[in-house]
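Protein chains in written order, with the working numbering: chain A, 14 to 228; chain B, 14 to 228; chain C, 14 to 228; chain D, 14 to 228.
4 protein chains.
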Amino acid sequence: MNGQNGALEQNETGRVEAFSDGVFAIAATLLVFNLHVPDALGVHSGGGLWRDLTHHWPSYAAFVISFISILVMWSSHHNIFNLIRRVDHTFLLLNGLVLLGIAATPFTTSLLAQNFGHPGERVAAAVYSAVALFITLAFNAMWHYAARGRRLLAATTSAGQVRGVARQYAVGPLAFALALALSLVSAEASVLVFVAVEVFFALPFGPNRSVPETS
Amino acid sequence: MNGQNGALEQNETGRVEAFSDGVFAIAATLLVFNLHVPDALGVHSGGGLWRDLTHHWPSYAAFVISFISILVMWSSHHNIFNLIRRVDHTFLLLNGLVLLGIAATPFTTSLLAQNFGHPGERVAAAVYSAVALFITLAFNAMWHYAARGRRLLAATTSAGQVRGVARQYAVGPLAFALALALSLVSAEASVLVFVAVEVFFALPFGPNRSVPETS
Amino acid sequence: MNGQNGALEQNETGRVEAFSDGVFAIAATLLVFNLHVPDALGVHSGGGLWRDLTHHWPSYAAFVISFISILVMWSSHHNIFNLIRRVDHTFLLLNGLVLLGIAATPFTTSLLAQNFGHPGERVAAAVYSAVALFITLAFNAMWHYAARGRRLLAATTSAGQVRGVARQYAVGPLAFALALALSLVSAEASVLVFVAVEVFFALPFGPNRSVPETS
Amino acid sequence: MNGQNGALEQNETGRVEAFSDGVFAIAATLLVFNLHVPDALGVHSGGGLWRDLTHHWPSYAAFVISFISILVMWSSHHNIFNLIRRVDHTFLLLNGLVLLGIAATPFTTSLLAQNFGHPGERVAAAVYSAVALFITLAFNAMWHYAARGRRLLAATTSAGQVRGVARQYAVGPLAFALALALSLVSAEASVLVFVAVEVFFALPFGPNRSVPETS
């Protein structure tokens, strides 16, 4: 099990996963700062607080959409690591680009939530979509690098699994390029693409089903 | 140990636990931002700072109540993972809903702390209770999904343990539905339900005692 | 290796450590929000920024003191887990109290830093010391609970190690009770106790040296 | 495998890595708070939001530069732990100094981003460079302490690997001392050193390539 070309040992994937899990979990949890807590001094009645909260519904919607989006991306990340046995320098770099986009998501979420329904909503939706597109392109680069010539794959990974991941990973760039294009016309249409992708991934016959059979 | 229906391998539960632990630990620690640091420039004496701090006692009480609440929920989460051997797509989704509610808790805590003693307190207590109710319903869905027909259970998990968890998990939805109902009448009564649940779980003969005998 | 009285299995200590490590690491890193970033619009020259930064030296000092304090406490926490083989419900509760105090530390640090040199400095030092005292008392309760009758200890833990930890753990409550008493008179004297404890723990012949010989 | 002089057992390096990974991952993700979310109420058109965002390009550049910087430092940290088999008290202290600098990086990043293009930019670049220099000096102290007389090294670590790490680690202090010196003259020149170091580490024939061959 000698390392070649600077490849790290198999059990090294553990620490890369731990660091990556940390970034995913922190980014998902930091989304909470996007939620609007009204100033109690400006609240004159229970109904007033309720109106203030419901007035900020885009914050709650953006929180849920981005949280699920990060969960789905974490799950995709997870799947790759079931199928590879080692990492190398280039793979770590591509993984770093994925994490960079994930770490930026609380910002793009806040930008979208605060501008939804305001004049800047289409620009905000474009930034939100562009970062999601960047993340999925980095995911694809990471997977194609790992799978080319079975460079980093585990011996137990089947050709069918490799094709399955490639097929699943193709969804993201297509969907988020569409979301980016739609943002030029309508922020609502752009956001609906994200909702549709999440529903698609949540479906019992969705793409996550077919991948993890590492057996 | 072949995966079926997209089930992940047993050691895969490790990474789900690590990610979930991250969200629980981060949400618990982010509660600190709920604590009020008075502006030093407005403090003219030690007594002034002391009065300012004690004036914000709901912040400290809410910090402690929510921190212990997240600890108890983490402990419940932990118990499930002692009893299952694998996870699948649906289980991950239900786990994601639990984590979504946990991640929102620093927000509901801040909302409750800032509005306690103000006109919005009952609305704030209702939102706080509703998110706690959502978390415990997701926990129950997760456990019943895992235990139905012993779908995801470890071979060593006894029928008595399954009944024990189901009984313990029934406490949360009942208690927090009560807290939600009480919030319509009194924020204080609603919060007292949370304190009572935490004292109940902390008792040496409480429900946590009977579950983890995985032996 | 049957569980008794709700005791969790040995490998269960792993997840308690992971969750606790998360809280320690997050609390330590959140201290950064205590550091003062001057508003660039109010800065009219490089010298002006430099004066603004140096004017806030108590923030930087408090950051370093609290960061090292959390590191030393993490190290103490770590030592306990080298010597025990299982956890139970009461132990988890006491561990939860330790984590509650750790999670509150970014708040007490901010309170101290912002009030140092202002009229509220002694009250702030008292709150800072009181939380540190609370943490070390919880640590002692946790250790004495685990060690009484060797309740949770690993078979390899020697009587000498048990006495060593008890001796080392006695330092904290004594030192921080002194810091609390001194805060009534002088914030500076109170803070110096923290610096002294940290230097003491950093010394090569300090108390950390004698404990971890689990061999 | 008896511990000597308070050295912890080999598997103890695991928990030090986990805690350190936490600090690296949290510090990297907290950089997101450096990104500027314009107040939606002040945005009167999509073009207005776009101008506001592009106006804050130093924030985005600083986010990317610091994120990659923390990734590279995490990777360096990671490499050390592939080559050692145990940690002791002094090593933990030096590791704590590395983490202290990492935890301060969101602050220095924010300071740099907000002052870039303003009168304080050179002071900000000096502080940014000084903390990076501090981190790399702590890294060197940690490695030289571990490697002296093979004090903490694994038996499988070759003399070539020890020299390789020492050579790689020499880059940081030289580069960041240069960045510190340049900051007296030009903030832009100082920042370019960071970009150059990151490109150098990202190159396929860069220094990371030669180290991890633990085989």
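Even for Gly, the Cβ is constructed at its ideal location relative to N, Cα and C. This structure is a prediction, so every number in the text was calculated from the model and none was measured.
- At least 8 Å separates the CB of A:V45 from every CB of chain D.
- Closer than 8 Å to the CB of A:L48 there is not a single CB belonging to chain D.
- For a cut-off of 8 Å, the C-beta gap from C:V178 to D:F120 is around 35 Å, too long to register as a contact.
- For B:S123, the C-beta contacts it makes with chain A under 7 Å involve V50, in order along the chain.
- Distance from the CA atom of C:P132 to the CA atom of C:V140, rounded to whole angstroms, is 14 Å.
- Between B:A53 and chain C, the shortest Cβ-Cβ separation is below 8 Å.
- Within the stretch 118-169 of chain C, the runs of alpha helix (DSSP H) at least 4 residues long that lie entirely inside it are, in chain order, 134-160.
- The residues N47, P71, S72 and A75, in chain order, have a CB closer than 7 Å to that of C:A126 in the same chain once the five nearest residues on each side in sequence are set aside.
- Under the Cβ criterion of 8 Å, C:D101 is not counted among the residues facing chain D.
- With contacts defined as CB atoms closer than 8 Å, D:A167 and A:A31 fail to qualify as a contacting pair.
- Within chain C, the residues N128, H131, P132 and G133 have their CB atoms less than 7 Å from the CB of B:V56, given in chain order.
- As the crow flies, the alpha-carbon of C:I78 is around 41 Å from that of A:A137.
- Counting along the chain, D:N95 sits inside the alpha helix (DSSP H) bounded by residues W70 to L96.
- Using a Cβ-Cβ cut-off of 8 Å, D:R28 counts as an interface residue toward chain C, since at least one Cβ of chain C sits closer than that to its own.
- B:A154 sits away from B:L193, with the two beta carbons spaced by 8 Å or more.
- Within its own chain, the residues whose Cβ lies closer than 7 Å to the Cβ of B:N108, once the five positions on either side in sequence are excluded, are V29, S33 and M155, listed in chain order.
- Distances from the alpha-carbon of A:E134 to those of A:S196, A:A151 and A:H157 put A:S196 closest.
- B:V36 sits close to A:A38, with the two beta carbons spaced by under 8 Å.
- Exclusion of the five residues before and after A:E211 leaves I81 as the residues of its chain whose Cβ lies within less than 6 Å of its Cβ.
- Contact of B:P119 with chain A is assigned, a C-beta pair being separated by under 8 Å.
- Residue state for D:D65 is assigned as helix, using DSSP reduced to three classes.
- The beta carbon of C:W87 sits closer than 8 Å to some beta carbon of chain D.
- Comparing alpha-carbon positions, the option among B:H69, B:S88, B:L44 and B:D65 lying closest to B:F152 turns out to be B:S88.
- Not a single CB atom of chain A sits nearer than 8 Å to the CB of D:W70.
- In the three-state reduction of the DSSP assignment, B:V100 falls in the coil class, being assigned neither a helical nor a strand state.
- With fewer than 16 other beta carbons inside 10 angstroms of its own, A:V198 counts as exposed.
- Residue contact check for C:L106 against chain B: a CB pair falls below 8 Å.
- Between the alpha carbons of D:S203 and D:V184 lies a distance of about 15 Å.
- Between the C-alpha atoms of A:R180 and B:L84 there is a straight-line separation of about 40 Å.
- For B:G35, the chain C residues whose C-beta falls within less than 8 Å of its own C-beta are G35, listed in chain order.
- At a beta-carbon threshold of 9 Å, none of the residues of chain C lie near D:F214; the nearest stands roughly 23 Å away.
- The alpha carbon of A:T122 has as its nearest neighbour, out of A:W63, A:A40 and A:Y182, the alpha carbon of A:A40.
- In the three-state reduction of the DSSP assignment, B:S171 falls in the coil class.
- Per DSSP, B:S58 lies in no alpha helix (DSSP H) and is assigned neither H nor E.
- In the same chain as B:A145, and ignoring 5 residues on each side of it, the C-beta atoms closer than 6 Å to its own belong to F189, in chain order.
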